[in-house]
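A.B. asks:
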Amino acid sequence: MRSGPYKIIIGLALWLITPVETFAQSILRDAETEAFLHESSDPIFRAAGLTPQSVHMYLLHENSINAFVTGGQNIFIHSGLILAADDVTEFLGVMAHETCHIACGHRLRRGEAYANAGTASILSMVLGAAAILAGGTDAGMGIMMAGQSVAQGQFLAYTRGQESEADLAGAKYLETVGINGEGMIRFFDKLRDQEILAQVRQDPYVRSHPLNRVRILQLQQAVETSPSYQKPPNPALEEKFQRLKAKLMGYLYEPRRTLRKYPPSDTSIAARYARVYAYHKSLEWDLALTEAKALVESEPQNPYFYEIMGQILFENGRVRESLPVFKQAVDLGPREPLIATAYGQAMVSLEDPDLMEKAIPILEDATRQDSGNTFAWFNLAKAYAWSGRDAEASLATAERFYSAGVPMMAVMHAQRAMESFKMGTSEWLRAQDILYVSQEAAEKLEKQRRRQERQRRLSFED
Ligand SMILES: [Zn+2]
Numbered sequence: 004m005r006s007g008p009y010k011i012i013i014g015l016a017l018w019l020i021t022p023v024e025t026f027a028q029s030i031l032r033d034a035e036t037e038a039f040l041h042e043s044s045d046p047i048f049r050a051a052g053l054t055p056q057s058v059h060m061y062l063l064h065e066n067s068i069n070a071f072v073t074g075g076q077n078i079f080i081h082s083g084l085i086l087a088a089d090d091v092t093e094f095l096g097v098m099a100h101e102t103c104h105i106a107c108g109h110r111l112r113r114g115e116a117y118a119n120a121g122t123a124s125i126l127s128m129v130l131g132a133a134a135i136l137a138g139g140t141d142a143g144m145g146i147m148m149a150g151q152s153v154a155q156g157q158f159l160a161y162t163r164g165q166e167s168e169a170d171l172a173g174a175k176y177l178e179t180v181g182i183n184g185e186g187m188i189r190f191f192d193k194l195r196d197q198e199i200l201a202q203v204r205q206d207p208y209v210r211s212h213p214l215n216r217v218r219i220l221q222l223q224q225a226v227e228t229s230p231s232y233q234k235p236p237n238p239a240l241e242e243k244f245q246r247l248k249a250k251l252m253g254y255l256y257e258p259r260r261t262l263r264k265y266p267p268s269d270t271s272i273a274a275r276y277a278r279v280y281a282y283h284k285s286l287e288w289d290l291a292l293t294e295a296k297a298l299v300e301s302e303p304q305n306p307y308f309y310e311i312m313g314q315i316l317f318e319n320g321r322v323r324e325s326l327p328v329f330k331q332a333v334d335l336g337p338r339e340p341l342i343a344t345a346y347g348q349a350m351v352s353l354e355d356p357d358l359m360e361k362a363i364p365i366l367e368d369a370t371r372q373d374s375g376n377t378f379a380w381f382n383l384a385k386a387y388a389w390s391g392r393d394a395e396a397s398l399a400t401a402e403r404f405y406s407a408g409v410p411m412m413a414v415m416h417a418q419r420a421m422e423s424f425k426m427g428t429s430e431w432l433r434a435q436d437i438l439y440v441s442q443e444a445a446e447k448l449e450k451q452r453r454r455q456e457r458q459r460r461l462s463f464e465d
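Convert by adding 3 to the 1-based position in the sequence shown; the result is the number in the working numbering.
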């Protein structure tokens, strides 16, 4: 859809980033979604004694129901899990359970079928190094890691003891933050029907978190004695969750299916949200814009509504018109690097030297806040190049490939940046950091690829 080696599908405000075909997992990035994930889960992390800023949450584009923890404090959530949760307490129930797997130091056990020993530890080393260097979220690396973990998901499971501990600790965290734990039970109960299915037909969550009646009964006892028992969900949080679900559904489902669930007669914000996407997907630009305008009118202070309206205009080729709308979104949500990136992208796409200059500080700010934002790096590099700042363009490109998990390309551009900057400057040192870590990552990936190749050959000979 776009130029460059990335397969970037800009679906309005949701970005599906698939940098390398071989990695099956894609991360969905959206400012509103990410803000919601933290707003809703941070109190739970705190209740568990974790530092919310160091827990990273990633939404994966996957229809199956799953959530898993990997590489320390990273939580991956399948879009299918969000869509399967009826309300926010069901979602937070799963998050509370997963939080214990982090806070209680659980590790997934290898099952007997797990033959590819060593892969996980090698990857976590690569990623550990990368995470230290990035000093924050690095979604691109997250993509790599996710691809691997899910592949192993079929063979890894927590023990029964760990599952019980996670249930009880999760119920405790929910009690601490005043959330009714019934949602947790309801969600697990839905999955219990899958126990009798063959493994391949089960959702991955069921395989890695073995369910049984005893677990549910034990959980019931813990939840029923909590002061928050039978308490309805927080209305503001519930509304945000329903909007997020609608947005996700509109983005992922066929328009016809979305419109069946959210017919035009439904004038709720969630329904309009879903329809913006449905109309956009079926190229009904005017209808999509009408819905987006209605959203803005209903909440004129909501940055996400301007963001979506700007995106519709932008994708419909009305780029100049989109600029003031994006600016409004940025002004209303100044700490939203993904919105700033959308604004910067619109500016850069016009290929107007004045706008290129103006886009640079906006994109620099976005990458400072969100160093794993490959798309912001891509646009920033372009703006630098247009402004004759070639050394900075090389470094930004190195950052882009580094955060996208394409170490070979990161090495090439980091080398170029090191040749252009003065030795010892902060830019030169940063380029060197990227070079070292990416070289190491490239070697490990190559070794892993060769091992897999060998295994494939061996299994053919059998
Ligand atoms: Zn579990």
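Quick reminder that beta carbons are idealized off the backbone N, C-alpha and C, glycines included.
Taking GLY336 as the reference, which of GLN418, GLN202 and PRO303 has the closest Cα?
C.D. replies: Numbered from its first residue, the sequence shown carries residue 336 at position 333. With distances taken between Cα atoms, GLY336 lies closest to PRO303.
A.B. asks: Give every residue of the same chain whose Cβ lies closer than 7 Å to the Cβ of ALA413, excluding the five residues on either side of it in the sequence, and list them in chain order.
C.D. replies: Indexing the sequence shown from 1 puts residue 413 at position 410. Closer than 7 Å at the Cβ level, and outside the excluded window around ALA413, lie ALA401, PHE404, TYR405, ILE437 and SER441.
A.B. asks: Verify whether the separation of the beta carbon atoms of GLU101 and VAL72 is less than 8 Å.
C.D. replies: In the sequence shown, counting from the first residue as 1, residue 101 sits at position 98. In the sequence shown, counting from the first residue as 1, residue 72 sits at position 69. Yes, the pair counts as a contact, with Cβ atoms nearer than the cut-off.
A.B. asks: What is the rounded straight-line gap between the Cα of THR162 and the Cα of LEU214?
C.D. replies: Residue mapping note: residue 162 aligns to position 159 of the sequence shown, counting from 1. Residue mapping note: residue 214 aligns to position 211 of the sequence shown, counting from 1. Going by the C-alpha atoms only, they are around 10 Å apart.
A.B. asks: In chain order, what residues of the same chain lie with their CB nearer than 6 Å to the CB of SER44, ignoring the 5 residues before and after it?
C.D. replies: Stepping through the sequence shown from its first residue, residue 44 is reached at position 41. Closer than 6 Å at the Cβ level, and outside the excluded window around SER44, lie MET98.
A.B. asks: Output needed for ALA349: all residues of its chain with C-beta closer than 8 Å, excluding positions within five of it in sequence on either side, in chain order.
C.D. replies: By one-based count along the sequence shown, residue 349 stands at place 346. Excluding positions up to five away in sequence, the list reads GLY313, PHE317, VAL322, SER325, LEU326 and PHE329.
A.B. asks: Where DSSP assigns a beta bridge to TYR61, which residues make up the other side?
C.D. replies: Along the sequence shown, read from residue 1 onward, the residue named residue 61 stands at position 58. Looking at the DSSP assignment, TYR61 forms a beta bridge with PHE79.
A.B. asks: Just confirm the distance between the C-beta atoms of PRO410 and ALA444, as a whole number of angstroms; I'd bet it's less than 8 Å.
C.D. replies: On the sequence shown, residue 410 is found 407 positions in, with the first residue counted as 1. On the sequence shown, residue 444 is found 441 positions in, with the first residue counted as 1. Contact flag correct, Cβ pair sits at about 4 Å.
A.B. asks: So ALA281 and PRO258 are supposed to be a Cβ contact under 8 Å. How far apart are they, rounded?
C.D. replies: As a first step, residue 281 is located in the sequence shown; it is residue number 278 there, counting from the start. As a first step, residue 258 is located in the sequence shown; it is residue number 255 there, counting from the start. 4 Å between Cβ atoms; contact.
A.B. asks: According to DSSP, what are the bridge partners of VAL72?
C.D. replies: In the sequence shown, counting from the first residue as 1, residue 72 sits at position 69. Answer is ILE78.
A.B. asks: State buried or exposed for LEU220, treating a residue as buried only when at least 16 other CB atoms are found within 10 Å of its CB.
C.D. replies: Stepping through the sequence shown from its first residue, residue 220 is reached at position 217. Exposed is the call here.
A.B. asks: Tell me where the beta strand (DSSP E) around LEU31 begins and ends.
C.D. replies: On the sequence shown, residue 31 is found 28 positions in, with the first residue counted as 1. From DSSP, the beta strand (DSSP E) with LEU31 extends over 30-32.
A.B. asks: Are the beta-carbon atoms belonging to ALA34 and TYR307 less than 8 Å from one another?
C.D. replies: Position 31 of the sequence shown holds residue 34. Position 304 of the sequence shown holds residue 307. The answer is yes: Cβ separation under 8 Å.
A.B. asks: Near VAL91, which residues of its chain fall below 6 Å by C-beta distance, leaving aside the five closest residues on each side in sequence?
C.D. replies: Within the sequence shown, numbered from 1, the residue matching residue 91 stands at position 88. Closer than 6 Å at Cβ, skipping near neighbours: PRO236, LEU240, GLU241 and PHE244.
A.B. asks: Can you determine whether any heavy atom of ligand 1 sits closer than 7 Å to the C-beta of GLU198, and answer yes or no?
C.D. replies: Taking the sequence shown and counting its residues from 1, one reaches residue 198 at position 195. It does not: the Cβ of GLU198 is nowhere closer than 7 Å to a heavy atom of ligand 1.
A.B. asks: Helix, strand or coil for MET144, going by three-state DSSP, please let me know.
C.D. replies: Translated into positions along the sequence shown, residue 144 becomes position 141. Because the pLDDT of MET144 is 31, which lies under 50, any placement of that residue in the model is unreliable, and the number read from its coordinates should be weighed accordingly. In this structure, MET144 counts as helix in the three-state DSSP scheme.
A.B. asks: Tell me whether TYR1 counts as near ligand 1, meaning its Cβ is closer than 7 Å to at least one heavy atom of that ligand.
C.D. replies: A query on residue 1 cannot be resolved here, the shown segment of the chain reaching from 4 to 465 and no further.
A.B. asks: Taking its Cβ as the centre, do 16 or more other Cβ atoms sit within 10 Å of GLY173, making it buried, or is it exposed?
C.D. replies: Reading the sequence shown from its first residue, position 170 is the one you call residue 173. The residue in question, GLY173, is buried, as its Cβ has 16 or more Cβ neighbours within 10 Å.
A.B. asks: Considering only residues of the same chain and omitting the five flanking positions on each side of LEU251, which have a CB-CB separation below 7 Å?
C.D. replies: The count along the sequence shown starts at 1 and reaches residue 251 at position 248. Result list for LEU251: SER82, ILE85 and LEU86, in chain order.
A.B. asks: I need the straight-line Cα distance from LYS447 to TYR439, nearest angstrom please.
C.D. replies: For the purposes of this step, residue 447 is taken as the residue at position 444 of the sequence shown. For the purposes of this step, residue 439 is taken as the residue at position 436 of the sequence shown. Spanning the two alpha carbons is a distance of roughly 13 Å.
A.B. asks: With burial defined as no fewer than 16 other Cβ atoms inside 10 Å of the residue's Cβ, what is the status of GLY408: buried or exposed?
C.D. replies: Reading the sequence shown from its first residue, position 405 is the one you call residue 408. Under this definition GLY408 is a buried residue.
A.B. asks: Just tell me which of ILE30, ARG453 and PRO55 has its CA closest to the CA of HIS41.
C.D. replies: Taking the first residue of the sequence shown as 1, we reach residue 41 at position 38. Nearest option by C-alpha distance: PRO55.
A.B. asks: Going by DSSP, what residues sit across from TYR444 in a beta bridge?
C.D. replies: The sequence position of residue 444 within the sequence shown is 441, counting from 1. Residue identity differs from the one stated: residue 444 is Ala in this sequence, not Tyr. In the DSSP output, where bridge partners are listed per residue, ALA444 has none listed.
A.B. asks: Which class does PHE160 belong to by DSSP, given the choice of helix, strand or coil?
C.D. replies: Start at 1 with the first residue of the sequence shown, and residue 160 comes out as number 157. For the sequence presented, residue 160 should be read as Ala rather than Phe. The answer is strand: DSSP assigns ALA160 an E or B state.
A.B. asks: So, is THR344 buried or exposed, given that buried needs 16 or more other C-beta atoms within 10 angstroms?
C.D. replies: In the sequence shown, the residue the question calls residue 344 occupies position 341. With 16 or more other Cβ atoms within 10 Å, it is buried.
A.B. asks: For ASP206, count neighbouring C-beta atoms within 10 Å of its own C-beta (all shown protein chains included) and say buried if the count is 16 or more, exposed if not.
C.D. replies: Taking the sequence shown and counting its residues from 1, the one referred to as residue 206 is at position 203. ASP206 should be labelled buried.
A.B. asks: Determine the contact status of LEU111 and SER211, defining contact as a CB-CB distance below 8 Å.
C.D. replies: Position 108 of the sequence shown, counted from the first residue, corresponds to residue 111. Position 208 of the sequence shown, counted from the first residue, corresponds to residue 211. Yes, these two residues count as a Cβ contact at 8 Å.
A.B. asks: Taking 7 Å as the cut-off, is the beta-carbon of HIS212 closer than that to any non-hydrogen atom of ligand 1?
C.D. replies: Position 209 of the sequence shown holds residue 212. Answer for HIS212: yes, Cβ within range of ligand 1.
A.B. asks: For SER397, count the other beta carbons within 10 Å of its own beta carbon; 16 or more makes it buried, fewer makes it exposed. Which is it?
C.D. replies: Translated into positions along the sequence shown, residue 397 becomes position 394. It is buried - the Cβ of SER397 has at least 16 other Cβ atoms within 10 Å.
A.B. asks: Comparing alpha-carbon positions, which option in THR377, GLU360 and ASP373 lies nearest TRP389?
C.D. replies: Counted from its first residue, the sequence shown places residue 389 at position 386. Ranking THR377, GLU360 and ASP373 by Cα distance to TRP389 puts GLU360 first.
A.B. asks: Say yes only if the C-beta of ALA169 is nearer than 7 Å to one or more non-hydrogen atoms of ligand 1, and no if none qualify.
C.D. replies: Working through the sequence shown from its first residue, we reach residue 169 at position 166. Yes, ligand 1 has a heavy atom inside 7 Å of this Cβ.
A.B. asks: For ligand 1, I want to know if GLU166 counts as a neighbour, meaning its beta carbon is within less than 7 Å of at least one of the ligand's heavy atoms.
C.D. replies: Position 163 of the sequence shown, counted from the start, is the residue given in the question as residue 166. Yes; taking the cut-off as 7 Å, the Cβ of GLU166 has a heavy atom of ligand 1 nearer than that.
A.B. asks: So what's SER423 in DSSP terms, helix, strand or just coil?
C.D. replies: In the sequence shown, counting from the first residue as 1, residue 423 sits at position 420. In this structure, SER423 counts as helix in the three-state DSSP scheme.
A.B. asks: So the alpha helix (DSSP H) HIS100 belongs to, where does it begin and stop?
C.D. replies: Here residue 100 refers to the residue found at position 97 of the sequence shown. That run of the alpha helix (DSSP H) goes 91-106.
A.B. asks: Can we count HIS100 as close to ligand 1, meaning its CB is less than 7 Å from some heavy atom?
C.D. replies: Numbered from 1 along the sequence shown, position 97 holds the residue referred to as residue 100. Yes, ligand 1 has a heavy atom inside 7 Å of this Cβ.
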